[in-house]
Amino acid sequence: MKSGDGSGKLSRRHFLSVTAMDSAICMMSPKRMAGLEIPEFPTSYAALQSLPPGAIRPEGWLRGWLEKQANELAISLLRVSEPFMGAYWAGDEKPYHDGWWAWEDKAYWTDGAIRCALTLKDERLLRAAMVAVDYTLNHPAADGYLGPAYLLPPKKDNYRFSHNIFFRAMAATSEAGDNKRIVEAIKQHYLGRDDANYGVVHRNVVNMETMLWCYELCGDPRLLAKAEQAWSEYQTQAGEPIQGDLAPARVFANTPINAHGVTYAVVSKLPALLYMHTGKENYIKFAVAAQQRIFDRHMLVDGGPSTSEWFHGTTSLDAHETCDIADYTWSWGYLLMATGNGAWEDRVERASFNAGFGAIKKDWKGLHYFSSPNQVLATLDSNHTVDDRGTSQMAYQPNPGHHVSCCAGNVHRIHPNYVARMWMKHGRDGLAATLYGTSRVKTTAGAGRQPIEIVLKTNYSFDATIHLSFHSAKPVSFPLYLRIPQWCKNPTIAENGKPVAPLEMAYNFAVLRRTFQPGDTITPILPMKTAVTSWPQNGIAVEHSPLVYALPITASWTSAMEQPWSTPDFPEWIANPESAWNYGLILDSSHPDAGAELRRKAMTSGPWTGPPLSLDVNARKIDDWRIQQSSTNPQQRFTPPLPNIRSAQVSDSVEKLTLVPYGSTHLRMTIFPHLAPSLINDLTTARS
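Residue numbers (the numbering used here): 23 to 710.
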């Protein structure tokens, strides 16, 4: 992110776009970019490689958040709601609402639950999630096929999509325990039969992800060939309407996207995986171009793409499905690995800290199916998006999609995946801090692959200072890469209390090439800055580097219970507003620091329920801006669009509003009408 004129005001394009220089870097071979040697695994063109689940242990508030996830909805969903109560992937062959998606939903939950359990060493959650993995491993077909017979051909649909999701859970189990049995079983699944039409059916092609994971570990060239064939066939089929939006003619033309959000997320990353295994530059160019279309045209202020099922615009009422937060952050992590450019993790960070926390009830009792920058109420009929308008997807529920339960499962992957990718291997002997949070990592580094531990302590993203301490039995020489977010213009790093200058920078990483001694300390400081961003319909939003700020609306909560989707202890939550929200902000976009006063409080163990940061801003109430009523049902209400300020009833009284981090809100206003000084003068003149 950058400010082109130094004013502090960012256009949406600058604010959420990879710059031309970054795009060029992303299209370079990572081996040329960083002078990397070829690693000793088939993924020879990857700049970075993830660590096994469990190698990174979260601490502080980050651990507390994951423990709440594990102890509440993650472990409870199996008894709270269909289809999670069913034995899908564990012997149940019954179709769910005449479809395949129960296996998809349970696979999402299994993957998230296993990764959360491995991260926390939570044996209870791990045992619950491993039931399906163990059953599937112990019941292969004669030809090696894994999974339910219901997902076998001759069905021409997305029947094999859920396999890739479930196999990611198996992959996590294998990586954490060096389980060669899982690698062999997955290899036999893909090579034992050839009837899935991976390159023809648009979601089935996502199985390339698991094929390539398996190839990396076993080296069987047939898996790589099968993956390349699937992508080639997919491109050949791209003339079909459902796949046409990922045809090269549209991707490289950077047209607006007309596609299903989750499908685009899971498919558009696949060429980056092929690049990591082949070095063919056409693959990475395609993957980067596919993402650039999102950044240029479809990004919301909270870091998530505008994808309430299908792609839409960027107004205050546009929204994203919670599945998209999980799937896009996962996909952008692969782009980081392929390119070595830390800018991709800027996007993961923004989406995780804002969209991710903002979609979840802070007690981990429910979540949104759709969440939006502006949501002044969340009831069982307040969904204001064009997709299923008037339905319950914007209430907080343990299973907000009901019989389409993908979000209830997929939400469990968002923050475990953030933790799992906080540190990565860089080349043969380096280590990279790619995302920040209080944690400790145990891995190896240096030419001799010496065991090391790095302890990271920080209140990031509520504070700019990060403390790292190095622990090993003896000195270790290796390059340490520290991500410097693009929003940070004046970073500093101290080593054992002494400034490091000048900083060696490489692709949004600061690089320290050192022999690290036991007990060494490294202290990056990433100064943060308040900025104002512009949005459609005269809208503005306020951010302080990685965090977007919103007006929290006091909610009146009531509960409802609807079997088989909820229970008395995990009901559906209805939130109506009790505090005023209809304000325009008085801000001079060229001097945001002068109009938004940052306030700090003591850091707590639960910063998303008691945020330590807030921003005070001046505002005026817009008296005739009210909740929108349905034209057919006066009892049904919706969050309204931004008003036309020039014809609105703007109060003369100036009020002070306190904005808090977006992720700490349930009901919120994030994009406000902009009461610019020139507009206020015009309104005053007109009244006089």
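Note that CB positions come from ideal geometry on N, CA and C, so glycine has one too.
Compare the beta carbon distance of residue i and residue j with 8 Å and say whether it is the shorter of the two.
{"i": "Val441", "j": "Leu84", "result": "yes"}
{"i": "Tyr605", "j": "Arg642", "result": "yes"}
{"i": "Ile575", "j": "Phe694", "result": "no"}
{"i": "Asp144", "j": "Ala194", "result": "no"}
{"i": "Glu367", "j": "Leu457", "result": "yes"}
{"i": "Pro568", "j": "Pro507", "result": "yes"}
{"i": "Thr552", "j": "Leu490", "result": "no"}
{"i": "His342", "j": "Ser353", "result": "no"}
{"i": "Pro593", "j": "Ala582", "result": "yes"}
{"i": "Pro359", "j": "Ala68", "result": "It is Met, not Pro, that sits at residue 359 in the sequence shown. For Met359 and Ala68, yes; Cβs fall inside 8 Å."}
{"i": "Val227", "j": "Gly221", "result": "yes"}
{"i": "Trp131", "j": "Ser184", "result": "no"}
{"i": "Gln650", "j": "Pro662", "result": "yes"}
{"i": "Leu689", "j": "Val398", "result": "yes"}
{"i": "Ala135", "j": "His334", "result": "no"}
{"i": "Leu339", "j": "His406", "result": "yes"}
In chain order, what residues of the same chain have a beta carbon less than 7 Å from the beta carbon of residue i, not counting five sequence neighbours either side?
{"i": "Arg54", "result": "Low local confidence applies: a pLDDT of 31 at Arg54 is under 50, so the model's placement there is unreliable, with the coordinate-based value given in what follows. Counting only Cβ-Cβ distances below 7 Å, and skipping sequence neighbours, we find nothing."}
{"i": "Thr626", "result": "Gly632 and Pro634"}
{"i": "Lys248", "result": "Tyr212 and Met233"}
{"i": "Phe274", "result": "Ala311"}
{"i": "Gly113", "result": "Tyr157"}
{"i": "Arg443", "result": "Ser72, Gly355, Thr456 and Leu457"}
{"i": "Ser98", "result": "Phe592"}
{"i": "Glu331", "result": "His282, Gly283, Glu343 and Asp409"}
{"i": "Leu607", "result": "Ile562, Val639, Ala641, Phe694, His696 and Leu697"}
Could you pull the start and end residues of the alpha helix (DSSP H) that residue i belongs to?
{"i": "Ser196", "result": "Phe183 to Gly199"}
{"i": "Lys202", "result": "Lys202 to Gly214"}
{"i": "Gln313", "result": "Glu303 to Arg319"}
{"i": "Pro243", "result": "Pro243 to Thr258"}
{"i": "Cys510", "result": "Note, Cys510: premise wrong, no alpha helix (DSSP H); not H, not E."}
{"i": "Arg372", "result": "Ala365 to Arg372"}
{"i": "Ala348", "result": "Thr344 to Thr361"}
{"i": "Leu239", "result": "Met230 to Cys240"}
My output table needs one value for residue i: the three-state DSSP class, helix, strand or coil.
{"i": "Ile97", "result": "helix"}
{"i": "Pro293", "result": "helix"}
{"i": "Asp324", "result": "coil"}
{"i": "Pro80", "result": "strand"}
{"i": "Glu331", "result": "coil"}
{"i": "Ser700", "result": "helix"}
{"i": "Met416", "result": "coil"}
{"i": "Arg225", "result": "coil"}
{"i": "Leu173", "result": "helix"}
{"i": "Met107", "result": "coil"}
{"i": "Ala572", "result": "strand"}
{"i": "His161", "result": "coil"}
{"i": "Ile279", "result": "coil"}
{"i": "Pro270", "result": "helix"}
{"i": "Phe63", "result": "Legend: pLDDT at Phe63 = 44, less than 50; position of this residue unreliable, no value from coordinates given."}
{"i": "Tyr118", "result": "strand"}
{"i": "Ser33", "result": "The predicted position of Ser33 is uncertain, since its pLDDT is 33 and thus under 50; a value taken from the coordinates is nonetheless stated next. If DSSP states are grouped into helix, strand and coil, Ser33 belongs with coil."}
{"i": "Lys718", "result": "Because the chain is modelled from 23 through 710, residue 718 falls outside the range shown and cannot be assessed."}
{"i": "Ile382", "result": "strand"}
Leaving out five residues before and five after residue i in sequence, what residues of the same chain have Cβ atoms less than 8 Å from its Cβ?
{"i": "Ile515", "result": "Leu504, Pro521, Val522, Leu525, Ala532, Leu534, Ile544, Thr545, Pro546 and Ile547"}
{"i": "Arg462", "result": "Ile78, Arg79, Glu81, Glu475, Ile476, Val477 and Leu478"}
{"i": "Cys240", "result": "Val205, Glu206 and Lys209"}
{"i": "Leu242", "result": "For the sequence presented, residue 242 should be read as Asp rather than Leu. For Asp242, where only same-chain residues beyond five positions count, the Cβ hits under 8 Å are Lys209, Leu213 and Cys236."}
{"i": "Gln539", "result": "Phe492 and Pro497"}
From which residue to which residue does the beta strand (DSSP E) around residue i run?
{"i": "His493", "result": "Ile488 to Ser494"}
{"i": "Asn598", "result": "Glu594 to Pro599"}
{"i": "Ser581", "result": "Ala577 to Ala582"}
{"i": "Gln71", "result": "Leu70 to Ser72"}
{"i": "Ala516", "result": "Thr514 to Glu517"}
{"i": "Ala563", "result": "Gly561 to His566"}
{"i": "Arg505", "result": "Val498 to Arg505"}
{"i": "Thr680", "result": "Glu677 to Pro683"}
Report all residues from its chain with a CB closer than 6 Å to the CB of residue i; omit the five preceding and five following residues, and keep chain order.
{"i": "Ser290", "result": "Ala312"}
{"i": "Asp217", "result": "Pro175"}
{"i": "Glu600", "result": "Thr576 and Ser578"}
{"i": "Pro513", "result": "Ile506 and Leu548"}
Any C-beta of chain B sitting closer than 8 Å to the C-beta of residue i?
{"i": "Gln671", "result": "The question asks about chain B, but that chain is absent: this structure has only one protein chain."}
At 3 residues or longer, what runs of the beta strand (DSSP E) sit wholly inside the stretch 419 to 485?
The qualifying runs are 445 to 448, 452 to 455, 461 to 467 and 472 to 480.
If you scan the stretch 593 to 658 from start to end, which runs of the alpha helix (DSSP H) of 4 or more residues do you find wholly inside it?
The stretch 593 to 658 contains these whole alpha helix (DSSP H) runs: 614 to 617.
Extract the residue ranges of the alpha helix (DSSP H) inside the stretch 524 to 557, only unbroken runs of 4 or more that lie entirely within it.
Qualifying alpha helix (DSSP H) stretches: none in this window.
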